[in-house]
């Protein structure tokens, strides 16, 4: 208890010192020079003021909502696709072998370059951002589910067959739980990528969302706005991550320790 | 059961529970080379008989079990179960594996119940029966535990209940108590004999521990070192039942038998060592 309190105090201290340094270096002239010009670096006080303004005016809620919807849709669609295709490939080695080079090729592609294509195809609305997020989430879930089905212990599998399981029962009681556990162990990564997809998509062309907010501020050299957007985004991601951790604890009670995440 | 029925059961000539006849099992390592694990082995396990297979490490003992279970098809030879040729998985057999084989995502209770559930028993009944079986193996207080929360011995108990709840006619066991410490093995051996004594299934029990084999079984079969392992000895164990696995080891008949069998086994064990050391 005391040790964890001490750790927490130290963690807070690091944050406070960093912000204080930032504030001091942008306001107090040292030998007549302000080390960090506020035009380029803004000031913590200004950033906080901006955030408070956004929340007071209520304009921020619409952007948060849009980003949340995009990220959620990207996560759901990407996960469903990843689970289905992952299962299919794992159970049909020939299909997996045929598509293998293409899967690798698409996965090697930096997804950002797809954003303009999606914007062309799907317009500047929500759909193009969701599509971008899906391409990120899909591969993480796909690889994990594929691995999960492939890595079922041969002994557990033999045992299941000896206990009288047919192909359907094997799916339900063996492959499915194993695949899910791998998918859930990558939940943090895939949820994070869903948000990344949404924000990057917004940044590259949209009319709402946190990415749009940051892009707008940047366009008019409003550094305080850019930082304020980043802070809100960070808080948003932390909140989502906390929810994911809760879900994970509920779903993976049977696991001894969190396993390695595959990305 | 009426008297007439039990008489008929003991007198009528039963087909053997498992009958391996001239079985050869080879594995293809690649297109050209193959490894013959077991060559021309014939083994009969009668109904209600407890047979132990003992042999040096890597002699293909587990391979014989897998063939009896229907998980492997022999390259040559036939497998007959209860008088009919075996095709696919052996439905009348329960298999207790050497490695951990419980479903890690299911609780102890769910693990035991699953065999009944997939056979179509409604879940509440299956769970109720599973709870009774957990009680029989002494794990009533661990129903909600996941396998990783149980000790090695407790996991084996759950495994035993998981297999026995389906009431298989044949019990296949692959060094089930191998990874356990000496005391736990003894306790598990007695537990197994207790459970087996209730309805005398046919048992094929693979072990590398000769003492364990003699203490538990009606017959001890010795295999030679692999590759091309064969059966080189077959002793019947005429020790009285019910037995206590730790007490029986003090009896003179036990020692005599142990000495006889060990005489044959020793040279094979040394051969096995020489081969595994060389390769």
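Protein chains in written order, with this note's numbering: chain A, 1 to 263; chain B, 1001 to 1279.
Glycine included, each C-beta is placed from N, C-alpha and C at the ideal position.
Query	Result
Sort 1216(B), 1114(B), 1046(B) by Cα distance to residue 164(A) and report the nearest one.	1114(B)
What is the residue span of the beta strand (DSSP E) that residue 1094(B) lies within?	1093–1096
Applying the 10 Å Cβ sphere with the 16-neighbour rule, what's the burial state of residue 160(A)?	buried
Rounded C-beta distance between residue 1041(B) and residue 1059(B)? I'm assuming under 8 angstroms.	About 11 angstroms separates the two Cβ atoms, so there is no contact after all.
Taking a cut of 8 angstroms between CB atoms, which residues from the segment 171–182 of chain A lie near chain B?	173, 174, 177, 178, 181
Given 8 angstroms as the limit, is there contact between the segment 57–74 of chain A and the segment 222–242 of chain A, that is, 3 or more CB pairs closer than that?	yes
For residue 102(A), verify whether its CB is less than 8 angstroms away from any heavy atom of the ligand PLP.	Ligands in the displayed structure: none, and consequently the ligand PLP is not present.
With DSSP as the reference, identify every bridge partner of residue 1235(B), one or two as the case may be.	1220(B)
Between residue 137(A) and residue 100(A), what straight-line distance do the alpha-carbon atoms span, to the nearest angstrom?	18 angstroms
What's the call for residue 1256(B), buried or exposed, on a 16-neighbour Cβ count within 10 Å?	exposed
Do we get a CB-CB distance below 9 angstroms when we pair residue 206(A) with the residues of chain B?	no
Applying a beta-carbon distance threshold of less than 7 angstroms, which residues of chain A neighbour residue 1118(B)?	163, 164, 165, 169
Excluding the 5 residues flanking residue 187(A) on each side, which residues of the same chain have their C-beta closer than 8 angstroms to its C-beta?	244, 247, 248
With 9 angstroms as the threshold, decide whether the Cβ of residue 159(A) is near any Cβ in chain B.	yes
Note down, in chain order, all residues in the segment 141–160 of chain A with a beta-carbon under 7 angstroms from any beta-carbon belonging to chain B.	155, 156, 158, 159
Can you tell me which of the three DSSP states residue 1171(B) falls into?	strand
Could you tell me the alpha carbon to alpha carbon distance between residue 52(A) and residue 17(A), rounded to whole angstroms?	22 angstroms
Where DSSP assigns a beta bridge to residue 1050(B), which residues make up the other side?	1203(B)
Checking contacts by CB at 9 angstroms: is residue 254(A) closer than that to chain B?	yes
In whole angstroms, what is the alpha-carbon distance linking residue 215(A) and residue 203(A)?	6 angstroms
Going by C-alpha distance, which of 1039(B), 1253(B), 1102(B), 1272(B) is nearest residue 1076(B)?	1039(B)
Could you tell me whether any Cβ in chain B is nearer than 9 angstroms to the Cβ of residue 20(A)?	no
Along chain A, in chain order, which residues have C-beta atoms closer than 7 angstroms to that of residue 1133(B)?	Simply none; closest approach about 14 angstroms.
What is the DSSP secondary structure of residue 1248(B), counted as helix, strand or coil?	helix
Please check the pair residue 1157(B) and residue 1147(B), which I expect to be a contact at CB under 8 angstroms, by giving their CB distance rounded to whole angstroms.	That belief does not hold up - the Cβ atoms of residue 1157(B) and residue 1147(B) are roughly 11 angstroms apart, past 8 angstroms.
Measure from the C-beta of residue 1063(B) to each C-beta in chain A and report whether the shortest distance is under 9 angstroms.	no
Enumerate in chain order the residues of its own chain whose CB-to-CB distance from residue 250(A) is below 6 angstroms, with the five nearest sequence positions on each side excluded.	none
Are the CB atoms of residue 1221(B) and residue 1234(B) within a distance shorter than 9 angstroms?	yes
If the cut is a Cβ gap below 9 angstroms, which residues of chain C does residue 1093(B) touch?	The chain labelled as chain C is not found among the protein chains of the depicted structure, namely A and B.
What does residue 1104(B) reach in chain A if we use C-beta pairs closer than 7 angstroms?	254
For residue 218(A) versus residue 133(A), is the C-beta distance shorter than 9 angstroms?	no
Using a Cβ-Cβ cut-off of less than 7 angstroms, list which residues of the segment 1139–1156 of chain B approach chain A; keep chain order.	1146, 1148
Indicate the three-state DSSP secondary structure (helix, strand or coil) for residue 1127(B) in the structure shown.	helix
Would you mind reading off the limits of the alpha helix (DSSP H) that contains residue 23(A)?	2–27
Under 9 angstroms between the Cβ atoms of residue 1087(B) and residue 1070(B)?	yes
What's the C-alpha gap between residue 272(A) and residue 1140(B)?	Residue 272(A) is absent from the structure shown; chain A starts at 1 and stops at 263.
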